[in-house]
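S.K.: I have a structure here, written as structure tokens, and I will follow up with some questions on it.
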């Protein structure tokens, strides 16, 4: 088996990256999958003169994890790559360790990419991973979204996007890629531990194929095809939900929305739930969707004869105009801590706004408006939403700080070149 050629890898990666990207990162555990991805990325980045940064995480869950991370860094250095070791420090949970480790790993990778000014992080999930994910989610009773499994590109935050270019590549091709190059890899013993559901699903696939490698490869390919077909259905449903949102929701620059009840009343349940979930993600700033059962209860309440106030997914929903419209705004809870603005930087804020700071802006702090009430304000934004609006202060926020501007209210003197932009996600 020849493995995955650089040309074939380029055809998989190129459609996932927007034009003008000057840097990418790759997560490398040291397993065959991620080592193959790293080496393929190295050749592609060099050819296209794109900066490449590798990261490996020392999770500390096994005594040998630190030594393995150092080995990965040595291998990648020999291949001409810079690799940083990220360490998960602190006490480790005794329950749901894999899930906690995954969250910690993504947190470390996200922070490292942000510091390096890199938006796109490549992961090595392959065809077998996709098939296993489909089966795991089917066993949990997932709907279309869950059964469409992993997506080639997934935005976790506005400035952090996961790319999975190998989702339709068999693991055997990745192993062959390494063998052809004479590159070793690390075998994680947890990949054979039946205590984990994914390992049990992997063994179930072996049983279904009757121990025949060819039959197993065909079974995996069919499951991955099912995930792709469901992803296409999911995309169509999402497009219909976005179209519904454009007819029923009006978003203000301050990040609030006015929701018309009538289109929501007549829409199909699936489309209405998706539209409502997308609206809550946008206004609440949480990149993850609300839980389905809570979203269903909210939709049921909004479709009642007399809609009642509700809160969900960091959002407050309040009926206005005799219940024909709903004000949707950010809850004044769990807001970001004050941030000193670095001249010449760009940063996301609260999952809702993007801040661009000119090089001339110094001594400024970004913080929620809170209880402050600027005078002489003429704005369509209801006062209930004011505490959650981003405000610019001179000096550290708190006692003694001077409130300079609340851009969403059109109030104050915003320093020249500084912008605060709300990002709509449909």
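Residue numbers (my numbering): 169 to 594. Even glycine gets a Cβ: it sits at the ideal position worked out from N, Cα and C. Keep in mind that this is a model prediction, so the values were computed, not measured.
Based on Cα-Cα distance, which residue from 570, 176, 564 and 556 lies nearest to residue 334?
M.R.: Answer by Cα proximity: 176.
S.K.: Between the C-alpha atoms of residue 170 and residue 343, what's the straight-line distance to the nearest angstrom?
M.R.: Rounded to the nearest angstrom, the two C-alpha atoms are 10 angstroms apart.
S.K.: So residue 326 and residue 591 are in contact, right, with Cβ under 8 angstroms, and what is the actual spacing, rounded?
M.R.: Right, their Cβ atoms sit about 6 angstroms apart.
S.K.: Below 8 angstroms, can you find three or more Cβ-Cβ pairs linking the segment 505-519 to the segment 542-549?
M.R.: They do not touch, by the three-pair rule.
S.K.: Go ahead and pull the three-state DSSP assignment for residue 185.
M.R.: Coil, per DSSP.
S.K.: Just list the residues that DSSP pairs residue 590 with in beta bridges.
M.R.: Residue 590 pairs with 521.
S.K.: Following the continuous alpha helix (DSSP H) through residue 495, name the residue where it begins and the one where it ends.
M.R.: Here residue 495 belongs to no alpha helix (DSSP H); instead the beta strand (DSSP E) covers 493-498.
S.K.: According to DSSP, which residues form a beta bridge with residue 487?
M.R.: 494.
S.K.: Look up residue 216 in the DSSP assignment and say whether it is helix, strand or coil.
M.R.: Helix.
S.K.: According to the neighbour-count rule (16 or more other Cβ atoms, all chains shown, within 10 Å of its Cβ), is residue 283 buried or exposed?
M.R.: Classification for residue 283: exposed.
S.K.: To the nearest angstrom, report how far apart residue 551 and residue 482 are at their CA atoms.
M.R.: Rounded to the nearest angstrom, the two C-alpha atoms are 17 angstroms apart.
S.K.: Helix, strand or coil for residue 323, going by three-state DSSP, please let me know.
M.R.: Here residue 323 sits in strand by DSSP.
S.K.: Under 7 angstroms Cβ to Cβ from residue 260, same chain only, skipping five residues before and after it: list those, please.
M.R.: Excluding residues within five positions, the ones whose Cβ falls inside 7 angstroms are 228 and 229.
S.K.: On the DSSP bridge assignment, give the partners of residue 301 in chain order.
M.R.: BP columns for residue 301 are empty, so no partner.
S.K.: Roughly how many whole angstroms lie between the Cα atoms of residue 511 and residue 330?
M.R.: Cα-Cα distance, rounded: 28 angstroms.
S.K.: For residue 473, count the other beta carbons within 10 Å of its own beta carbon; 16 or more makes it buried, fewer makes it exposed. Which is it?
M.R.: Exposed, since its Cβ has fewer than 16 Cβ neighbours within 10 Å.
S.K.: Would you give the residue range spanned by the beta strand (DSSP E) that residue 570 belongs to?
M.R.: Note, residue 570: beta strand (DSSP E), 570-574.
S.K.: State the beta-bridge partners of residue 234 as determined by DSSP.
M.R.: DSSP output for residue 234 lists no bridge partner at all.
S.K.: Taking 7 angstroms as the cut-off, is the C-beta of residue 321 nearer than that to any heavy atom in the ligand GDP?
M.R.: Looking for the ligand GDP in the displayed structure turns up nothing, as the structure carries no ligands at all.
S.K.: Straight-line CA distance for residue 209 to residue 351?
M.R.: Near 15 angstroms, if we compare the C-alpha coordinates of residue 351 and residue 209.
S.K.: Could you compute how far the alpha carbon of residue 470 sits from the alpha carbon of residue 417?
M.R.: C-alpha separation (whole angstroms): 14 angstroms.
S.K.: On the premise that residue 189 lies in contact with residue 288, defined as a C-beta separation below 8 angstroms, what is that separation, rounded to the nearest angstrom?
M.R.: Yes, residue 288 and residue 189 are in contact; Cβ-Cβ is about 6 angstroms, under 8 angstroms.
S.K.: Looking at residue 206 and residue 222, is the spacing between their C-beta atoms short of 8 angstroms?
M.R.: Result yes, Cβ atoms of residue 222 and residue 206 sit closer than 8 angstroms.
S.K.: Going by other Cβ atoms of all chains shown within 10 Å of its Cβ, with 16 needed for buried, is residue 392 buried or exposed?
M.R.: Under this definition residue 392 is a buried residue.
S.K.: Excluding the 5 residues preceding and the 5 following residue 301 in the sequence, name in chain order all residues of the same chain whose CB lies nearer than 7 angstroms to its CB.
M.R.: Here the set comprises 317 and 318.
S.K.: My output table needs one value for residue 426: the three-state DSSP class, helix, strand or coil.
M.R.: Reduced to three states, the DSSP call for residue 426 is strand.
S.K.: Nearest to residue 215 by alpha carbon, out of 258, 560 and 182?
M.R.: For the residues 258, 560 and 182, the minimum Cα distance to residue 215 belongs to 182.
S.K.: Jot down the residue ranges of each uninterrupted alpha helix (DSSP H) in the segment 372-431, minimum 4 residues, whole runs only, in chain order.
M.R.: For the segment 372-431, whole alpha helix (DSSP H) runs of length 4 or above, ordered along the chain, are 381-416.
S.K.: Go ahead and pull the three-state DSSP assignment for residue 250.
M.R.: If DSSP states are grouped into helix, strand and coil, residue 250 belongs with coil.
S.K.: Under 8 angstroms by Cβ, that's how I've got residue 589 and residue 564 pegged, so tell me the actual separation to the nearest angstrom.
M.R.: Incorrect: roughly 24 angstroms between the Cβ atoms, too far for contact.
S.K.: Scan the segment 252-312 and note each continuous alpha helix (DSSP H) run of 4 residues or more that stays entirely inside, going in chain order.
M.R.: Runs found: 265-284 and 295-307.
S.K.: Is the segment 371-391 touching the segment 266-276 in the sense that three or more CB pairs, one from each, lie closer than 8 angstroms?
M.R.: The segment 266-276, when compared against the segment 371-391, does not touch it at the 8 angstroms Cβ threshold.
S.K.: Let me confirm a value: residue 307 is counted as buried when at least 16 other C-beta atoms fall within 10 Å, else exposed. Which label applies?
M.R.: Counting Cβ neighbours within 10 Å, residue 307 comes out exposed, since fewer than 16 surround it.
S.K.: Considering Cα atoms alone, identify which of 411, 535 and 490 is closest to residue 504.
M.R.: Closest option to residue 504, Cα to Cα, is 535.
S.K.: Look up residue 192 in the DSSP assignment and give the residues it is bridged to.
M.R.: BP columns for residue 192 point to 220.
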